[in-house]
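A.B. asks: Structure provided below as structure tokens; questions to follow.
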Amino acid sequence: MSAFELIKLPTMADARGHLTVLDGLLPFEVRRSFWIYGADGNTRGGHRHHVTRQALVALSGSVTVNMDDGHNRESIVLSSPDACLIVEPKDWHTMDFGPGAILMVFASHGYDKNDYIHEPYQVSGQ
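In terms of numbering that gives the first Met the number 0, the sequence shown has 107 at position 108, counting the first letter as 1, and numbering is strictly consecutive.
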């Protein structure tokens, strides 16, 4: 059982292809969306937020999201466009991009550089 919320998005499929729907499923109102691509083999992220919640969907390829909420650490592989990972403000996260990966991000707030926390949690015993 994961300590982090992963939503299985409804998907319809037929001979013409797949259609995945993200309609009213997120636990927040989307105020900003962006996508990251061309990051093959690179790590992005390395922060948490004061207030912003996010939802991450790998539209293509594979992205490993390394999550740390101060108590739980887990690496979650997003490799299907019908899986959506919820990233809460407390969740320190980095994303490792596989070849050709495209990551779509939906955010609860607009960009504000003051919302970012760049210090990771300290490992117990340090």
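Just so you know, even glycine gets a beta-carbon here, dropped at the ideal spot from N, CA and C.
Please classify phenylalanine 96: is it buried, with 16 or more other beta-carbons within 10 angstroms of its beta-carbon, or exposed?
C.D. replies: By the 10 Å Cβ count, phenylalanine 96 comes out buried.
A.B. asks: Enumerate in chain order the residues of its own chain whose CB-to-CB distance from proline 119 is below 6 Å, with the five nearest sequence positions on each side excluded.
C.D. replies: Taken in chain order, the residues that qualify are Trp91.
A.B. asks: What number of angstroms, rounded off, separates the C-alpha of asparagine 113 from the C-alpha of serine 32?
C.D. replies: C-alpha separation (whole angstroms): 18 Å.
A.B. asks: Just mark alanine 54 as buried or exposed, buried being the case when its beta carbon has 16 or more other beta carbons within 10 Å.
C.D. replies: Answer is buried; the Cβ neighbour count reaches 16.
A.B. asks: What is the rounded straight-line gap between the Cα of arginine 47 and the Cα of glycine 69?
C.D. replies: Approximately 11 Å, taken between the alpha carbons.
A.B. asks: I'd like the list of long-range same chain contacts for cysteine 83, defined as Cβ closer than 6 Å, with 5 residues on each side in sequence excluded.
C.D. replies: Excluding residues within five positions, the ones whose Cβ falls inside 6 Å are Ile6, Leu8, Ala54 and Val56.
A.B. asks: Between Gly37, Arg52 and Gly45, which lies nearest to serine 61 when the distance is taken from Cα to Cα?
C.D. replies: It is Gly37 whose Cα lies nearest to the Cα of serine 61.
A.B. asks: Tell me the rounded alpha-carbon separation between leucine 126 and arginine 15.
C.D. replies: Because the chain in this structure spans residues 0 to 125, residue 126 falls outside the shown range and cannot be described.
A.B. asks: Distance check for glycine 40 and isoleucine 85, CA to CA, integer angstroms please.
C.D. replies: Their Cα atoms are separated by approximately 23 Å.
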